[in-house]
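Take a look at the structure set out below.
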Amino acid sequence: MKKLSARRRHPLAAIVVLIFALAATGGLYAAFAPAGEAQAGETAAAQSLAIEEGKKLYAVGCSSCHGTGGQGTSDGPSLVGVGAAAVDFQVGTGRMPMQAPGAQAPEKPRMYSQAEIDQMAAYIASLGPGPAIPTEEQYGTEDLSGEEIAEGGVLFRTNCAQCHNFTGEGGALTRGKYAPDLTDVDAKYIYEALQTGPQNMPSFPDTVMPEKEKRQIIAYLHQVNSSDAKTPGGFKLGGYGPVAEGLFAWVIGLPILVGVTVWVAARNAKARKS
Amino acid sequence: MSNTEHNPRPRAKAPAGERVADWADGRLGIYGAAKKNLRKVFPDHWSFLLGEIALYSFVIILLTGVYLTLFFKPSMAEVHYHGSYVPMQGVVMSEAYASTLDISFDVRGGLLMRQIHHWAALIFLVSMFVHMLRVFFTGAFRKPRELNWLFGFLLLVLGMFTGFTGYSLPDDLLSGTGLRFVQGAVLSVPVIGTYLAMFLYGGEFPGTDIIPRLFAVHVLLLPGLMLGLVVAHLILVFYHKHTQYPGPGRTNKNVVGFPLMPVYMAKAGGFFFLVFGVIAAISAVFQINPVWVIGPYRPDQVSTNAQPDWYMGFSEGLIRIMPGWEWVIPTGHTINFGVFVPLMVFPLVLAVMALYPFFESWVTKDKREHHLLDRPRNAPTRTGIGAAWISWYFVMLVGGGNDLWAIFFDMSINAITWFARIGFFAVPILTFLITRRICLGLQRRDRDKVLHGRETGIIKRLPHGEFVEVHEPLPQDQLHLLTQHDQPKPAELPPPTDGHGVRRKVGPVEKLRVRINRGYYGPKAQIPKPTVREYEEITSGHGHH
Chain A
368 MKKLSARRRH PLAAIVVLIF ALAATGGLYA AFAPAGEAQA GETAAAQSLA
418 IEEGKKLYAV GCSSCHGTGG QGTSDGPSLV GVGAAAVDFQ VGTGRMPMQA
468 PGAQAPEKPR MYSQAEIDQM AAYIASLGPG PAIPTEEQYG TEDLSGEEIA
518 EGGVLFRTNC AQCHNFTGEG GALTRGKYAP DLTDVDAKYI YEALQTGPQN
568 MPSFPDTVMP EKEKRQIIAY LHQVNSSDAK TPGGFKLGGY GPVAEGLFAW
618 VIGLPILVGV TVWVAARNAK ARKS
Chain B
79 MSNTEHNPRP RAKAPAGERV ADWADGRLGI YGAAKKNLRK VFPDHWSFLL
129 GEIALYSFVI ILLTGVYLTL FFKPSMAEVH YHGSYVPMQG VVMSEAYAST
179 LDISFDVRGG LLMRQIHHWA ALIFLVSMFV HMLRVFFTGA FRKPRELNWL
229 FGFLLLVLGM FTGFTGYSLP DDLLSGTGLR FVQGAVLSVP VIGTYLAMFL
279 YGGEFPGTDI IPRLFAVHVL LLPGLMLGLV VAHLILVFYH KHTQYPGPGR
329 TNKNVVGFPL MPVYMAKAGG FFFLVFGVIA AISAVFQINP VWVIGPYRPD
379 QVSTNAQPDW YMGFSEGLIR IMPGWEWVIP TGHTINFGVF VPLMVFPLVL
429 AVMALYPFFE SWVTKDKREH HLLDRPRNAP TRTGIGAAWI SWYFVMLVGG
479 GNDLWAIFFD MSINAITWFA RIGFFAVPIL TFLITRRICL GLQRRDRDKV
529 LHGRETGIIK RLPHGEFVEV HEPLPQDQLH LLTQHDQPKP AELPPPTDGH
579 GVRRKVGPVE KLRVRINRGY YGPKAQIPKP TVREYEEITS GHGHH
């Protein structure tokens, strides 16, 4: 020890201490956190790979309208800041890529697999912060009570019915635009549409409509307008209200009754020869 | 039939039925009335039963309506719903709406009754409408039936308003929007609009009075009036006797058909149940006005597809196609033409139909009684006017449902609205011209058939190689049918001077009347029917063509 203490003022002492200290921290770090470092590197690599792949898909499928860097052109809006949720909705429901310019992009069979959509979503998300693709617990509705679902109905009638009709059968907007039919639309897509406000729809971010209210609306829609919905009165004739009912009275009800009158009028005393 | 005469039972004591009838006759005089009316003869044609569909659906509406009043609560007091329909649990609503949900889900047979009531109402209006068209196109409204036409017209209008008040009662989001529409229309009346609206709704919209008030109007006032009018309508049908289609043996002075008792009693009774059956079947299978998904009315909510039932659809159309013009006059008051003009055109559309019989009798100066019906083609101008009115009405319906046309035919709602705006003026004119032309074509065809017979489809080759189609002369009854109608001479203005050389004064109204009359009976308005001489000349054996 004496030898050691005698050399503590040696010019190289500081360097030796530094080496020992570095070895110790390095060793400790290597002992306690080797796996973490490797994983972080992998995720970042995967992320940048997804962005890379998404960028390629984007260049082929989207850039002609939205611009090579997502900055938008005269044919399509900028995608900076729209978020992954918007991509997942637009491409996932087949609305994008658009087939032809028109008043509105209609829903059609989707052109990309979910993996490809996720890659494009990653690329668009990398352009600027925006809403992420919601998780199942964000849009799941299993935990809602009857009253909460009914409240969703009130929310739906207040915020959505003026365009989508009482039960979301869809409705016309100006100049060929329209609010689409919501029958059997995936909960995820309804959630994303509310979040991002696609096409002519206003957006309802969480500051305006909290996550729970979105779930309530989704649950209400499922109750009244889906293949599981009950129509206690019989066939619902499209659910479009009085115009459809009046049309039915004229084109089905009246002809049946006229048929009956013709039949009754033909049954007269003359016809019976006895 | 003949068994009753050989009935071996002693006549010492009359059968119970006869004794009851005797008892009633002693007090009510039913034998006299029955003798007069039970053997009344009615002609036979299916189109004469369209009015009966209306009558029977009216009865069905009354019956089901009574059932619904037992459970409906006409109150706008607010309650929280706790019935059995889950997606409405705990929602704040009026008692009227809550009781409608209860009728739909918690009253035995309630939903079916509601649906029968509503479907029967739609079919009631449809059948009145079609019945009216039948009367119109066959000229059955002519003397002596002008007043009965007006009774029928009033029934249609009252039916429309009864329907509208009934549509409003459940206080759902759809009907509340309709009431808001009415309030807007009332507000648009210059000067007194605000007062009227306050009076009607008992204060600011929606208030708490309108549903109870409409309830009284819907279940008491209007049905009472209609019931009275229905009776008057039927009494007049009895009094005038029924019209009949032309045919051999049928004249203006007789009615060819079967007696009311037993033939029509049996038929009408059976027909009632058939109509009831059809309406009940439709109501059991097809949902109508599902108020439970429409939601309770709240003034801050509205839905697309908010339209009235079809019979009010033309008023919706008028509103939708009218540009939203608004003037602020120097006094600072607003005149809203966008709503006020449709409000004024609404009665006009109906008045055109109501007043037509009087217009026609003014034009034709025809004071004779008519019990034989016209074939529509033989009255081309009237038929043209009727068709033009229908097309006009249809354009308004298209305007009223413009959003659904846009959705189903992938069109722009603006384009449809513009079509309706232009069509409102153009389509009736076009329809009039085309229909009149079709009628004249059919008259030519009739003339041709009388003179040249029916085309048999048999082609004959003559010895010199010519091909001809064999025409077969029409049977006698057909010839009668095609030539029995009157062809009145067109009116003419009197000579400009009378016998003393004094200038005659002809007023502008008379000049107009003569011009219109020539539109009805002038050379361009009817094809001269074949004369006996023409017929004999052509059928005297000079071949078939």
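Just so you know, the sequences run in chain order A and B.
Numbered as in the numbering used here, the first sequence ends at 641 without a single skipped number.
Numbered as in the numbering used here, the second sequence ends at 623 without a single skipped number.
Just so it is clear, CB atoms sit at the ideal spot from N, CA and C, and this is done for glycine as well.
(request) Compute the Euclidean distance between the alpha carbons of F215/B and A294/B, then round it to the nearest angstrom. (result) So the two alpha carbons sit approximately 37 Å from each other.
(request) Taking the CB atoms as reference points, tell me whether I500/A and E578/A lie closer together than 9 Å. (result) With respect to the 9 Å criterion, I500/A and E578/A are not classified as neighbours on the basis of their beta carbons.
(request) Verify the contact flag: S493/A, CB atom, against every heavy atom of the ligand NAD, threshold strictly below 8 Å. (result) Inclusion of the ligand NAD in the displayed structure is not the case, the ligand content being empty and no account of it being possible.
(message) Please confirm whether E536/A has its beta-carbon closer than 9 Å to some beta-carbon of chain B.
(response) Output row for E536/A: interface = yes.
(request) Please compile the residues from chain A whose C-beta is within a distance smaller than 7 Å of the C-beta of F364/B. (result) Listed along chain A are G601, F602, L604, F615, each with a C-beta nearer than 7 Å to that of F364/B.
(request) Write down every uninterrupted run of the beta strand (DSSP E) in the stretch 469-555 of chain B whose length is 3 residues or greater and which is fully enclosed by it, in chain order. (result) Qualifying beta strand (DSSP E) stretches, in chain order: 532-539, 545-550.
(request) Inspect the beta-carbon positions of I138/B and I357/B and report whether they are closer than 9 Å. (result) At the C-beta level, I138/B and I357/B come within 9 Å of one another.
(message) How far does the alpha helix (DSSP H) with N414/B in it extend, from its first residue to its last?
(response) Run containing N414/B: none in the alpha helix (DSSP H); it sits in the beta strand (DSSP E), 412-414.
(message) If I follow the unbroken alpha helix (DSSP H) through G433/A, where does it start and stop?
(response) The residue asked about is misnamed: residue 433/A is His in this sequence, not Gly. Counting along the chain, the alpha helix (DSSP H) containing H433/A begins and ends at 430-433.
(request) Return the first residue and the last residue of the alpha helix (DSSP H) that S205/B is part of. (result) Run containing S205/B: 188-215, per the alpha helix (DSSP H) assignment.
(request) Examine chain B for any beta-carbon lying closer than 9 Å to the beta-carbon of I585/A, and answer yes or no. (result) No, I585/A lies away from the interface with chain B (no Cβ there is under 9 Å from its Cβ).
(request) Note down the Cα distance separating Q471/A from Y479/A, rounded to an integer number of angstroms. (result) The alpha-carbon atoms of Q471/A and Y479/A are separated by roughly 20 Å.
(message) Can you find the residues in the same chain that come closer than 7 Å, C-beta to C-beta, to T509/B, ignoring five residues on each side of it along the sequence?
(response) Shown here for T509/B: same chain residues with a beta carbon closer than 7 Å to its own, the five before and five after excluded, namely A465, A466, S469 in chain order.
(request) Taking P608/B and T534/B to be in contact with their CB atoms under 8 Å, please state how far apart those CB atoms are, rounded to whole angstroms. (result) Incorrect: roughly 20 Å between the Cβ atoms, too far for contact.
(request) Could you name the residues of chain D that K345/B contacts, counting a contact when the two beta carbons are closer than 9 Å? (result) Absent from the structure is chain D; the protein chains it does hold are A and B.
(message) Taking CB distances under 9 Å as the criterion, tell me whether R524/A reaches chain B.
(response) So yes, R524/A belongs to the interface.
(request) Check M171/B in the structure and name its three-state DSSP category. (result) M171/B falls in the strand class under three-state DSSP.
(request) Return yes when the Cβ of I181/B is within less than 9 Å of the Cβ of F202/B, no when it is not. (result) Not in contact: F202/B and I181/B (Cβ atoms no closer than 9 Å).
(message) According to DSSP, simplified to helix, strand and coil, what is E536/A?
(response) In the structure shown, E536/A falls within a coil segment according to DSSP collapsed to helix, strand and coil.
(request) Whole angstroms is fine: what's the gap from G600/A's alpha carbon to T628/A's? (result) The straight-line gap from Cα to Cα measures roughly 27 Å.
(request) Hey, could you find the ends of the alpha helix (DSSP H) E515/A is sitting in? (result) Note, E515/A: alpha helix (DSSP H), 513-526.
(request) For C429/A, go through chain B and note every residue whose CB falls closer than 8 Å to its CB, in chain order. (result) By Cβ distance, chain B contributes nothing, its closest Cβ being about 25 Å from C429/A, past 8 Å.
(request) Take every Cβ of the stretch 583-600 of chain A, pair it with every Cβ of the stretch 358-378 of chain B, and state whether three or more of those distances are shorter than 8 Å. (result) Touching, yes.
(message) Which residue wins for smallest C-alpha separation from I463/B, given the options T513/B, K445/B, N480/B, W483/B?
(response) Looking at the Cα atoms, T513/B is the closest of the given residues.
(request) Could you please tell me which residues of the stretch 532-561 of chain A, in chain order, have their CB closer than 8 Å to any CB of chain B? (result) The residues in question are N532, F533, T534, E536, G537, G538, A539, L540, T541, R542, G543, Y545, A546.
(message) If I measure Cβ to Cβ from F259/B and keep anything under 7 Å in the same chain, skipping five residues before and after, which residues do I get?
(response) Excluding residues up to 5 positions away in sequence, nothing lies with its Cβ nearer than 7 Å to the Cβ of F259/B in the same chain.
(request) Determine whether the Cβ of F214/B lies closer than 9 Å to any Cβ atom of chain A. (result) Taking a beta-carbon distance threshold of 9 Å, F214/B does not count as an interface residue toward chain A.
(request) Tell whether a beta-carbon distance below 9 Å holds between H318/B and R223/B. (result) Cβ atoms of H318/B and R223/B: closer than 9 Å.
(message) To the nearest angstrom, how far is the alpha carbon of L189/B from that of Y159/B?
(response) Approximately 18 Å between the Cα atoms of the pair.
(request) Measure the C-alpha to C-alpha separation of R97/B and L450/B and round it to an integer number of angstroms. (result) In a straight line, the C-alpha of R97/B is about 42 Å away from that of L450/B.
(message) Need the endpoints of the alpha helix (DSSP H) that V592/B sits in, please.
(response) Element bounds for V592/B: 586-599.
(message) Using a 10 Å radius around the Cβ and a threshold of 16 neighbouring Cβ atoms, would you call W483/B buried or exposed?
(response) W483/B should be labelled buried.
(message) With a threshold of 8 Å on Cβ separation, who are the neighbours of T82/B within its own chain once the five nearest residues in sequence on each side are excluded?
(response) For T82/B, the predicted structure reports a pLDDT of 49, less than 50, and the residue's modelled location is therefore unreliable. A value from the coordinates is still provided. Cβ neighbours of T82/B within its own chain (closer than 8 Å, five residues either side excluded): none.
(message) Against chain B, with Cβ distances strictly below 9 Å, would V625/A count as a contact?
(response) Closer than 9 Å to some Cβ of chain B, the Cβ of V625/A qualifies, so yes.
(message) Please report the straight-line C-alpha distance between R639/A and V333/B, rounded to a whole angstrom.
(response) At R639/A, the pLDDT of 48 sits below 50, so the modelled position is not reliable; the number obtained from the coordinates is stated separately. Rounded to whole angstroms, R639/A to V333/B spans 21 Å at the Cα level.
(request) Compile a chain-ordered list of the residues in the stretch 479-491 of chain B whose CB is closer than 9 Å to at least one CB of chain A. (result) Taken in chain order, the members of the stretch 479-491 of chain B whose beta-carbon sits within less than 9 Å of a beta-carbon on chain A are G479, N480, D481, L482, W483, A484, I485, D488, M489, S490, I491.
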